[in-house]
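Beneath this line is the structure, given in structure tokens, with notes to follow.
Residue numbers (the numbering used here): 2 to 365.
Right, dumping it as structure tokens:
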């Protein structure tokens, strides 16, 4: 199949892109003291030069002492903002567009980790996994402080000239800790039903929208699966998924980034639609799909075993031609090939390198 659909412009009312290829956010931990340097700048610039339509940065932590689990993870406040300005300018200079992923690691952070090792980690109910309460629940005061920190980071992103902002609400991190009943046992406005568990994220989105105006795109990444439980599902049925999405869509999410480990897997019985396909159908909002694009093995397997074989793109092209989702995020294939997009477009896929976990040792 011809990959033309991947290179069709994306014309959203708030975000125009030259093609449908997104660089997926991937934590790299190459920012000394949380500040992205020239190596980080050049890492993103090379992907823009290689033809990616939109770069979503690795997770960048907000201004909360428990937000980060490693001092080498880039932050998105203070002195780090000057470094991010250099990244934005370099990506724009190479003809690309870029959004920071705003992140709080929540209950994934172990005691003693990060730039503030004495500060306790943060989860809605003190749970780091179902039945494992090792922390105190977040107070409403600290919840308000975290919402304000996410909001300020988005305001700073707009000021620096980023083209959009993404909230990391997936994979068992803080926003997802609120979404997931397994880690959210609160009895106040932030806990209880599936809809109530969206309120933390909805407030973040509402506050950001109030500060940045109507035209600045807000992307929300979410997942059914968690690092604590790969088989977990926030929504067991399409009806439950619709309940989950409605308050987030109303709050102001423009694009949903639907994280799966294999993009070709159906989300619910009785339909071939993947998660992004269902979200687009239920919300009429644009969606990004993701999961093992161009590779035979999902990322957990490759981190353990080291390699994955190259895979064709016929299934991806078929789904995009059917308008199942709007954009496709590419991760490990772009780590292995800075010019992955350009090679796919020119028909030079035979020259692509496969991914090996050894490639994570340096920032190329």
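The C-beta atom is built at its ideal place from N, Cα and C for all residues, glycine as well.
Query: Reference residue 101, options 243, 231 and 28, closest by Cα; Result: 28
Query: In chain order, each alpha helix (DSSP H) run of at least 4 residues that lies wholly inside the region 131-205; Result: 141-161 and 175-180
Query: According to DSSP, residues forming a beta bridge with residue 288; Result: 257
Query: C-beta atoms of residue 214 and residue 116 nearer than 8 angstroms; Result: no
Query: Beta-carbon spacing of residue 49, residue 92 below 8 angstroms; Result: yes
Query: From 337, 54 and 114, residue whose alpha carbon lies closest to that of residue 73; Result: 114
Query: Residue 192 versus residue 186 - alpha carbon distance; Result: 6 angstroms
Query: Residue span of the beta strand (DSSP E) that contains residue 101, given as start and end; Result: 98-104
Query: Rounded Cβ spacing between residue 98 and residue 43 (contact assumed at less than 8 angstroms); Result: Incorrect: roughly 17 angstroms between the Cβ atoms, too far for contact.
Query: Range of the contiguous beta strand (DSSP E) that encloses residue 84; Result: Per DSSP, residue 84 belongs to no beta strand (DSSP E); it is in the alpha helix (DSSP H), 81-94.
Query: Cα-Cα separation between residue 359 and residue 306, rounded to whole angstroms; Result: 10 angstroms
Query: Integer-rounded CB distance, given that residue 4 should sit under 8 angstroms from residue 32; Result: Incorrect: roughly 33 angstroms between the Cβ atoms, too far for contact.
Query: Contacting residues, own chain, Cβ-Cβ under 8 angstroms from residue 364 (five flanking each side not counted); Result: 29, 31, 40, 41 and 44
Query: Pairwise C-alpha distance: residue 232 and residue 26; Result: 22 angstroms
Query: Simplified DSSP assignment, three categories, for residue 34; Result: helix
Query: Option in 15, 8, 14 and 37 with minimal Cα separation from residue 23; Result: 8
Query: Inter-residue CB distance, residue 156 and residue 212 (contact presumed, cutoff 8 angstroms); Result: 5 angstroms
Query: Proximity to residue 332 [Cα-Cα], best of 261, 134, 247 and 68; Result: 261
Query: Buried or exposed by the 16-neighbour rule on C-beta atoms within 10 Å, applied to residue 137; Result: exposed
Query: Spatial neighbours of residue 210 in its chain, beta-carbon cut-off 6 angstroms, leaving aside the 5 residues before and after; Result: 253
Query: Validate contact between the region 260-279 and the region 322-331 using beta carbons, cut 8 angstroms, 3 pairs; Result: yes
Query: Supposed close pair residue 329, residue 291 - CB separation, criterion 8 angstroms; Result: 7 angstroms
Query: Residue 242, DSSP secondary structure in three states; Result: helix
Query: Integer Cβ distance of residue 16 from residue 10, believed to fall under 8 angstroms; Result: Contact doesn't hold; Cβ gap of about 11 angstroms is too wide.
Query: Under the three-state DSSP convention, the category residue 62 falls into; Result: strand
Query: Segments of 4+ residues assigned as alpha helix (DSSP H) that fall wholly inside the region 319-346; Result: 333-337
Query: Sub-8 angstroms separation of residue 82 and residue 139 beta-carbons; Result: no
Query: Residues near residue 227 by beta carbon distance below 7 angstroms, same chain, minus five either side; Result: 172, 173, 177, 181 and 233
Query: Three-state class that DSSP yields for residue 74 in the structure shown; Result: coil
Query: Option nearest residue 152 by Cα separation, candidates 208, 131 and 124; Result: 208
Query: Residues that residue 12 bridges to, as DSSP identifies them; Result: 17
Query: DSSP three-state assignment for residue 296, whether helix, strand or coil; Result: strand
Query: Residue 303 - DSSP class collapsed to helix/strand/coil; Result: helix
Query: Among 341, 355, 67 and 246, the one whose alpha carbon lies nearest that of residue 299; Result: 355
Query: Bridge-paired residues (DSSP) for residue 22; Result: 329
Query: Three-state secondary structure (DSSP) of residue 47; Result: helix
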